[in-house]
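Residue numbers (UniProt numbering), protein chains in the order written: chain L, 1 to 469; chain G, 1 to 469.
Yeah, the Cβ is synthetic: ideal placement off N, Cα and C, and Gly gets one too.
In this text the structure is predicted, and so the values were computed from the model without any measurement.
2 protein chains.
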Amino acid sequence: MGYAPVTPAIIRELKEILGDKNVLVDEEKIEAYSHDETNEEEYGHMPEVVVTPETAEQTAAVVKLANREVIPVTPRGAGSGLSGGAIPIFGGILLSVEKMNKILEVDFDNMVVTAETGVVTNDIISMVKEKNLFYAGYPMSVQTCYLGGNIAENAGGGKAVKYGVTGRYIQGMEVVTPKGDIVSLGGKLAKDVSGYDLKQLLIGSEGTLGIVTKAIVKLSGLPTASAVLLVLYETARQAIDSVPVIISNGIVPTSIEFMDKLSVQTSCQYLNETLPYENCGAMLVIEVDGSSAEQVESDMIAIGDLCMENAAQEVYIAEDRNAVERIWNVRRNIAEAFKVYSPIQSLEDIVVPTAAIPDIIPELDRISEKYSMKIPCYGHAGDGNLHATLVKDPEMSMEEWHKAEPEALRDLYSVTQKLGGKISGEHGIGIKRRDYLEQLIDPVELELMKGIKKAWDPNNIMNPGKIFN
Amino acid sequence: MGYAPVTPAIIRELKEILGDKNVLVDEEKIEAYSHDETNEEEYGHMPEVVVTPETAEQTAAVVKLANREVIPVTPRGAGSGLSGGAIPIFGGILLSVEKMNKILEVDFDNMVVTAETGVVTNDIISMVKEKNLFYAGYPMSVQTCYLGGNIAENAGGGKAVKYGVTGRYIQGMEVVTPKGDIVSLGGKLAKDVSGYDLKQLLIGSEGTLGIVTKAIVKLSGLPTASAVLLVLYETARQAIDSVPVIISNGIVPTSIEFMDKLSVQTSCQYLNETLPYENCGAMLVIEVDGSSAEQVESDMIAIGDLCMENAAQEVYIAEDRNAVERIWNVRRNIAEAFKVYSPIQSLEDIVVPTAAIPDIIPELDRISEKYSMKIPCYGHAGDGNLHATLVKDPEMSMEEWHKAEPEALRDLYSVTQKLGGKISGEHGIGIKRRDYLEQLIDPVELELMKGIKKAWDPNNIMNPGKIFN
């Protein structure tokens, strides 16, 4: 690929910049940085060196060196990504933001938090909650993922139907550019049209356009009331069919999460949890929140009624924190559970217009049958975003799987595109979906993306090989 | 500037593409396209030809021709801009989207409108209102401005405190690139991380990166209840001081608009309207809305009480549509009224963190005194966005004004930047603030912007000379 190797001289220079403790070369220590939550055998790759800068200045010095020497730099958050975005596929320098993990300021007057990007997302949520404030970002990995990863992937999650995705809440950021400059974008500002909105471009760019070292995150008032409905349906189709009905009915729920039976079952087994899934084929988890208990109750009843009018078998209401947390815990752990019970799998992330999601279910059935694989499905149905998961049948040989998986994916993505959808709603393209994206995307759009990349990163050192070639 | 002139041969080719009726060359007819709502003498410039394509294909053909011949193309919406963004400062082709003015689809299931960008923003609002749906964009020029202009400037307006600015609602767009290709970005999708978010980059890029010909606009449920508070204060400082108190108190109003006495007075005179401004030095217009009359009433009372505790003289409540519309009409017409009564002026658009807006008022007083000019002030205080307006004293000679105005602006912008603000919150940089931006911005950020512009528009034909040189 024309990249220079990380020589002993480079290691020495890195140690001068960062101190010995922030430069890891032992194979044992750096192995953990060679993969994320995608399949390690398929996508894993060892870095030549791992660095853990403590400041933006150190980060910039590392990138300047890498740009000078033409060594790839792969930025990494918590490693909880699902598209291989943080895997150093060309070796080189793996730059982990784990030591830039301070919440620098909670500014109550402006209702913003300034934090380094190695902060765990849930730490922000917990810290501001005490002050009756609310950060609306809620990826399913909220307890482990970093703010930096959320920004890199423009993470969605469990509250996006009502609150939108990460990008809506990032008012400012500090970025190390691919040339190693430090630049501050935006500010504590509700709006700003003073030139191009570069921070929105960086959000979701998967670390290919720079490393975000700090962010200014907008807070809201903490919703004081909430409730969760657990709605059971006989079939997945029935559950999904009711989603656009709810969405277009005027009440905006916080979330509408979908889980088919296999997904609930697998997560419940993994957690040793009991949700009443036995008699249902699928369920929706619908949360409503707000500032008044009466409003939440009336919204909850209206949505419950709507579900019962649209083929629901039963509606359970969870109002106390404990019951609510149990349900969300099952939802949050599906991906992890599938990894344990079905290690050979492909977790997908398609997104379609909400009105089109009923059309997806029969297509999943068709693909499942055609390629002889199970496709359990769950996800953020209220956003049209479904995590269909292609699972290898134990009977299928690895050789057959490696042949069938890409064909099934191409089929799935092509159907998604026909329905007006895209191949990733929140997990990103990374390395996992790169070749598929390049096949599906309008070449003009791809050229525009590559134009930006080339202008900002002429040596192609910043997370190369991700999103596109 | 190295641009080719629009020759008779080019005119012939344009007529072949567009038909005779869509190619205007008569000086009388094209004069109206030589200026926007900025001062005509200072910023106006005649185009060589005006074209009014009816389709994206015609638009693309014009841009292809312009790119081939290296002729500048200046896209134009309704011409209601306040930064000279639509002025063809190098002559060339003025491309007005006025004939691409159809609302193509209201998709109730997905709650989106697909519209051409020559549609008047209010037409979208009115059309979907009948169906109990709501488009939250509400620039003060809502009754005349185009969706395309709103996208080009990432327009804010009167509902942004609660609903955010235009960019939040644009889910997809059709764009003609500076090379004359047509590309569709996004879709009817609540979220999408399939590559860089180019549509967010285009939003607010002031027509320098392409011409948006169609957009998919997200709708919400129509708020069924609302009320407007007119809150009077003795001084501007007192009115502004209460804004961060309201903002950080938990209730999210739809808007907090600020008007000092001169602004209200001027607009009231212009409209022959009577608001009770005589005894006050400034007022806030605070709107609250929601889906329940009880909630709106309780929010309204809470905010009213808060204002009274924070130095308000009086709080008037307008609940019926007519009274609400009268108040908003006064607010919407301030800029127009000032143009009539003080034609020599500079309408500004600074934005600061909301907690910093109290610090702006004494700075405006200082600048007013230092440069011997009145600076009436109004704007979207709830967003930290103030339209301070430098007004020439009748005693001041034009020569003195031309000397004092840029100095006063530099002073104002520099103070704004010191307070963590930016020079434009919603009007854009255009030609009016370009040189100031270039002086104030971090050179690294400017280089990143220019890198994108150069990659996408190597011949610099797409609205050249705007935002930066």
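For the pair residue 289/G and residue 22/L, the Cα-to-Cα distance works out to about 52 angstroms. For residue 65/L, there are no neighbours in chain G by C-beta distance under 9 angstroms, as the nearest C-beta there is about 18 angstroms away. Residue 19/L does not reach chain G, its nearest Cβ partner there being about 26 angstroms away, counting only Cβ pairs nearer than 8 angstroms.
For residue 258/L, no Cβ of chain G is located within less than 8 angstroms of the residue's own Cβ. Secondary structure at residue 365/L: helix, using DSSP grouped into helix, strand and coil. Against chain L, the CB of residue 77/G has no partner CB under 8 angstroms away; the residue lies outside that interface. Between residue 171/L and residue 187/L a beta carbon distance of about 7 angstroms is seen, short of the 8 angstroms cut, so the two are scored as contacting. Shown here for residue 434/G: same chain residues with a beta carbon closer than 8 angstroms to its own, the five before and five after excluded, namely 465, 466, 467, 468, 469 in chain order. In this structure the stretch 349-364 of chain G does not lie against the stretch 225-233 of chain G, because fewer than three pairs of beta carbons, one per stretch, are closer than 8 angstroms. For the pair residue 198/G and residue 175/G, the Cα-to-Cα distance works out to about 10 angstroms. Look at residue 442/G here: in three-state DSSP terms it is coil, with no helix or strand label.
Classified as buried, residue 457/L has 16 or more neighbouring CB atoms from the shown chains inside 10 Å of its CB. Under the 8 angstroms criterion on CB atoms, residue 428/G is classed as interfacial with respect to chain L.
The beta carbons of residue 330/L and residue 377/L sit no closer together than 8 angstroms. For the pair residue 94/G and residue 68/G, the Cα-to-Cα distance works out to about 16 angstroms. With its beta carbon less than 8 angstroms from one in chain G, residue 441/L belongs to the interface.
Chain order gives the chain G residues near residue 355/L as 109, 110, where near means a beta carbon separation below 7 angstroms. Residue-level contact check: residue 335/G does not touch chain L, since none of the beta carbons of chain L fall below 8 angstroms from its beta carbon. The alpha-carbon separation between residue 258/G and residue 314/L amounts to approximately 51 angstroms.
Between residue 91/L and residue 40/L the beta-carbon gap is near 16 angstroms, outside 8 angstroms, which marks them as no contact.
Shown in chain order are the members of the stretch 400-424 of chain L whose Cβ falls below 9 angstroms from a Cβ of chain G: 420, 421, 422, 423, 424.
Looking at the DSSP output, residue 75/L shares a beta bridge with 95/L. Among the residues of the stretch 169-197 of chain L, those with a Cβ less than 8 angstroms away from any Cβ of chain G are 177, 181, 182, 183, 184, 185, 187, 188, 189, 190, 191, 192, 193, 194, 195, 196, 197, in the order of the chain. Separation of the CB atoms of residue 118/G and residue 207/G is rounded to 13 angstroms, and the pair is thereby denied contact status at 8 angstroms. Rounded to whole angstroms, residue 223/L and residue 422/L show a C-alpha spacing of 32 angstroms. Rounded to whole angstroms, residue 386/L and residue 348/L show a C-alpha spacing of 8 angstroms. The Cβ atoms of residue 17/L and residue 61/L sit closer than 8 angstroms to each other. Residues of the same chain with a CB within less than 8 angstroms of the CB of residue 281/L, apart from the 5 flanking positions on each side, are 233, 234, 235, 236, 238, 239, 260, 261 in chain order. At a C-beta separation below 7 angstroms, residue 248/G has these neighbours in chain L: 108, 109, 111. For residue 452/G, the chain L residues whose C-beta falls within less than 7 angstroms of its own C-beta are 196, 452, 455, listed in chain order.
Note that the C-beta distance between residue 63/L and residue 211/L is below 8 angstroms. The three-state secondary structure of residue 189/L, taken from DSSP, is coil. If you look at residue 282/G, you'll find it in the beta strand (DSSP E) that goes 282-290. Scanning the stretch 372-427 of chain G for uninterrupted beta strand (DSSP E) segments of 3 residues or longer gives 377-380, 385-391, listed from N- to C-terminal end. Sequence-distant partners of residue 127/L (beyond 5 residues in either direction) whose C-beta falls short of 7 angstroms from its own C-beta, in its chain, are 103, 106. Classified as exposed, residue 2/L has fewer than 16 neighbouring CB atoms from the shown chains inside 10 Å of its CB.
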